[in-house]
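Numbering follows my numbering, with no gaps: position 333 of the sequence shown is 335.
One structure below.
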Amino acid sequence: MTWGGEAAGFVIQLFRGIRIVLASAIIERKRDSEELTADEIRFMIEGLVDGTVPDYQLSAWAMAVLCRGMTSAETAVLTDVMLSSGNVLERVSDRPRVDKHSTGGLGDKVSLVLAPLLACFDVDVPMLSGRGLGITGGTLDKLEAYPGYRSDLNQQEINQQLKKIGCVITGTTPDIAPADRRLYALRDVTGTVPSIPLITASIMSKKLAARLDALVLDVKCGSGAFMCSMQEAQGLASSLTSTGMRTRLQTRALISNMHQPLGVMVGNACEANEAVEVLCGAGPADVRELTIRLGSELLMAVGICPSLDAAQQLLAAAVDDGRGLARFQLMVESQGGRFVERLPVARSVAVLSTQTGWVNAIDGQRLGRSIIELGGGRRQQGDAINHKVGVAALVKLGDHVEAGEPLAHLLTDYADAESIRCQLAEAFVIEAERDEPQPLVLLSV
Ligand code: URA
Numbered sequence: 003m004t005w006g007g008e009a010a011g012f013v014i015q016l017f018r019g020i021r022i023v024l025a026s027a028i029i030e031r032k033r034d035s036e037e038l039t040a041d042e043i044r045f046m047i048e049g050l051v052d053g054t055v056p057d058y059q060l061s062a063w064a065m066a067v068l069c070r071g072m073t074s075a076e077t078a079v080l081t082d083v084m085l086s087s088g089n090v091l092e093r094v095s096d097r098p099r100v101d102k103h104s105t106g107g108l109g110d111k112v113s114l115v116l117a118p119l120l121a122c123f124d125v126d127v128p129m130l131s132g133r134g135l136g137i138t139g140g141t142l143d144k145l146e147a148y149p150g151y152r153s154d155l156n157q158q159e160i161n162q163q164l165k166k167i168g169c170v171i172t173g174t175t176p177d178i179a180p181a182d183r184r185l186y187a188l189r190d191v192t193g194t195v196p197s198i199p200l201i202t203a204s205i206m207s208k209k210l211a212a213r214l215d216a217l218v219l220d221v222k223c224g225s226g227a228f229m230c231s232m233q234e235a236q237g238l239a240s241s242l243t244s245t246g247m248r249t250r251l252q253t254r255a256l257i258s259n260m261h262q263p264l265g266v267m268v269g270n271a272c273e274a275n276e277a278v279e280v281l282c283g284a285g286p287a288d289v290r291e292l293t294i295r296l297g298s299e300l301l302m303a304v305g306i307c308p309s310l311d312a313a314q315q316l317l318a319a320a321v322d323d324g325r326g327l328a329r330f331q332l333m334v335e336s337q338g339g340r341f342v343e344r345l346p347v348a349r350s351v352a353v354l355s356t357q358t359g360w361v362n363a364i365d366g367q368r369l370g371r372s373i374i375e376l377g378g379g380r381r382q383q384g385d386a387i388n389h390k391v392g393v394a395a396l397v398k399l400g401d402h403v404e405a406g407e408p409l410a411h412l413l414t415d416y417a418d419a420e421s422i423r424c425q426l427a428e429a430f431v432i433e434a435e436r437d438e439p440q441p442l443v444l445l446s447v
């Protein structure tokens with residue numbers, strides 16, 4: 003090696019060493035609960051993207067953030083840095099742009115109903131969604147139950163579809179907030195996902211990249227959700243709304259009840275079928291109510307309606323006269339899917355109650371694990387899923403059941419699903435006295 007080559011190698015090593023020392027100092031400051039500067043946060047995230055800060059230091063930093071938290075100013079900077087690690091979507095029309103984001107829950111098929119419904123009101127809805135991981139399902143998995151449905155549209159295809167029909171539900175393109183993808187992969191394997199500032203920056207960087215005028219967040223609270231307690235859900239809702247409002251994005255959040263599945267069906271094809279039922283003016287009342295409630299926040303925020311009541315009436319009319327369904331079919335077909343009113347599902351096996359009494363609790367974790375065991379959810383990223391399987395949760399909190407009556411149906415391809423049937427039966431807590439169930443929308447933030 004020449005002298006010049008050795009000198010260059012030495013300088014590179016020195017540069018790397020200095021960065022590692024700097025990253026250590028930043029991790030220690032966060033560990034000691036100090037507020038980080040914008041430059042320090044930028045240093046960590048840019049280092050993650052360009053590889054100059056190693057993964058083990060980023061993991062330690064994420065753990066320090068999980069334990070010590072972040073101020074709202076730090077969270078805003080982190081969101082901004084993640085956003086600027088990639089591109090933003092182009093605005094393709096003068097129409098207002100709106101979106102809804104859910105933190106994920108069992109049976110949550112609201113996006114399938116809401117995106118096409120909103121598009122009936124001259125707004126653009128660029129919904130960049132995700133896949134299911136763990137117990138909560140993903141919107142893309144539900145839509146991919148339509149054979150041929152493409153959830154990998156590029157920016158040009160997203161723009162074309164928005165111009166044509168006003169709504170699109172697809173995966174986040176690789177050039178949107180790439181820092182979030184890298185950081186999430188590290189959080190996923192280091193137990194640092196459940197940090198409110200990290201969740202906030204992750205969600206909001208992707209939503210800000212969609213260049214929206216208004217965003218409504220459905221923060222789920224209960225045993226079938228990420229946030230099990232009201233306190234955690236409120237913390238996340240206010241962190242998300244204040245981060246949105248700082249950037250002048252009109253952001254509202256509803257905290258909704260996930261102490262039981264939304265609707266009846268939990269799975270993929272069966273949830274798409276239930277979404278279509280709702281768009282036909284039928285289906286479970288809770289899915290319709292929550293969809294219309296979330297949608298009305300958006301129509302009001304962008305000035306299409308003067309009040310929530312007026313917006314709710316407009317949205318209900320677009321469900322009842324079939325406009326929402328027609329737009330949904332257009333969206334599925336425009337993304338390559340073969341639309342049918344009823345997708346095939348697996349054979350049904352009844353799960354019977356062994357007791358008589360009142361349904362006072364439904365353990366969402368148990369129910370969600372049953373879906374994974376049936377093959378309808380993922381244990382790890384990249385797992386294949388069976389779209390046809392799922393669970394029909396037939397009883398709701400506060401219902402009375404007799405011993406021998408069905409609590410649920412398993413939709414399964416397995417010849418022997420006995421152990422899953424037992425696990426699912428245990429998810430339903432039946433007691434002699436009735437507890438009053440909580441409302442569907444717990445709080446508006
Ligand atoms: N969803 C996201 O997009 N990011 C998180 O960190 C958690 C949920």
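Every residue gets a Cβ at the ideal spot worked out from N, C-alpha and C, and that includes glycine.
This structure is a prediction, so every number in the text was calculated from the model and none was measured.
Checklist entry - What does a CB cutoff of less than 7 Å around Ala410 pick up in its chain, not counting 5 residues either side in sequence? => result Looking up residue 410 in the sequence shown gives position 408. If we look at Ala410 and ignore the five residues flanking it on each side, its Cβ neighbours are Val353, Val393, Ala394, Ala395, Leu396 and Leu426.
Item to check | Ser258 - partner residues in DSSP beta bridges | outcome: The count along the sequence shown starts at 1 and reaches residue 258 at position 256. According to DSSP, Ser258 bridges with Lys222 and Val443.
Checklist entry - Taking the Cβ atom as the reference point for each residue, do Val90 and Arg250 lie within a distance shorter than 7 Å? => result Locating residue 90 in the sequence shown gives position 88, where the first residue counts as 1. Locating residue 250 in the sequence shown gives position 248, where the first residue counts as 1. Taking 7 Å as the Cβ cut-off, Val90 and Arg250 do not qualify as a contacting pair.
Item to check | Reduced DSSP secondary structure (H/G/I, E/B, other) of Phe123 | outcome: Counted from its first residue, the sequence shown places residue 123 at position 121. If DSSP states are grouped into helix, strand and coil, Phe123 belongs with coil.
Item to check | Proximity below 7 Å, CB of Ile171 to CB of Met232 | outcome: Here residue 171 corresponds to residue number 169 of the sequence shown, with the count starting at 1. Here residue 232 corresponds to residue number 230 of the sequence shown, with the count starting at 1. No, they are not a contact pair.
Checklist entry - If you check the beta carbons only, do Pro439 and Leu399 fall under 7 Å apart? => result Translated into positions along the sequence shown, residue 439 becomes position 437. Translated into positions along the sequence shown, residue 399 becomes position 397. Taking 7 Å as the Cβ cut-off, Pro439 and Leu399 qualify as a contacting pair.
Item to check | DSSP bridge partner residues for Ile432 (one or two, in chain order) | outcome: The count along the sequence shown starts at 1 and reaches residue 432 at position 430. The partner list for Ile432 (beta bridge, DSSP) reads Val361.
Next on the checklist: Using only the alpha-carbon positions, how far apart do Ser113 and Gly384 sit?
Outcome noted: Position 111 of the sequence shown holds residue 113. Position 382 of the sequence shown holds residue 384. Taking the straight line from one Cα to the other gives about 22 Å.
Item to check | Where the beta strand (DSSP E) containing Leu412 begins and where it ends | outcome: Numbered from its first residue, the sequence shown carries residue 412 at position 410. Note, Leu412: beta strand (DSSP E), Pro408 to Thr414.
Item to check | Residues bridged to Thr253 (per DSSP) | outcome: Walking along the sequence shown from the start, residue 253 turns up at place 251. Note: Thr253 sits in a beta bridge opposite Leu217.
Item to check | Cα-Cα separation, Glu37 to Val195 | outcome: Your numbering for residue 37 matches position 35 in the sequence shown. Your numbering for residue 195 matches position 193 in the sequence shown. For Glu37 and Val195, the distance between alpha carbons rounds to 20 Å.
Checklist entry - If you measure from the CB of Ile205, is any heavy atom of ligand 1 nearer than 6 Å? => result Stepping through the sequence shown from its first residue, residue 205 is reached at position 203. Checking every heavy atom of ligand 1 against the Cβ of Ile205, one is found closer than 6 Å.
Checklist entry - Phe341 to Leu145, Cα distance in whole Å? => result Position 339 of the sequence shown, counted from the start, is the residue given in the question as residue 341. Position 143 of the sequence shown, counted from the start, is the residue given in the question as residue 145. Each residue's Cα considered, the two are about 10 Å apart.
Checklist entry - Hey, how far is the Cα of Ala117 from the Cα of Ile43? => result In the sequence shown, residue 117 corresponds to position 115, counting from 1. In the sequence shown, residue 43 corresponds to position 41, counting from 1. Between Ala117 and Ile43, the C-alpha separation is close to 35 Å.
Checklist entry - Helix, strand or coil: how does DSSP classify Ile422 here? => result The sequence position of residue 422 within the sequence shown is 420, counting from 1. Helix.
Item to check | Touching by the beta-carbon criterion (3+ pairs, under 8 Å), the stretch 61-68 and the stretch 90-106 | outcome: no
Item to check | Helix, strand or coil at Ser241 [DSSP, three-state] | outcome: As a first step, residue 241 is located in the sequence shown; it is residue number 239 there, counting from the start. In the structure shown, Ser241 sits in a helix (DSSP, three-state: H, G or I).
Checklist entry - Just the Cα atoms here: how many angstroms apart are Leu317 and Val289? => result Start at 1 with the first residue of the sequence shown, and residue 317 comes out as number 315. Start at 1 with the first residue of the sequence shown, and residue 289 comes out as number 287. Going from the Cα of Leu317 to the Cα of Val289 covers about 13 Å.
Item to check | Buried or exposed by the 16-neighbour rule on C-beta atoms within 10 Å, applied to Asn156 | outcome: Locating residue 156 in the sequence shown gives position 154, where the first residue counts as 1. Classification for Asn156: exposed.
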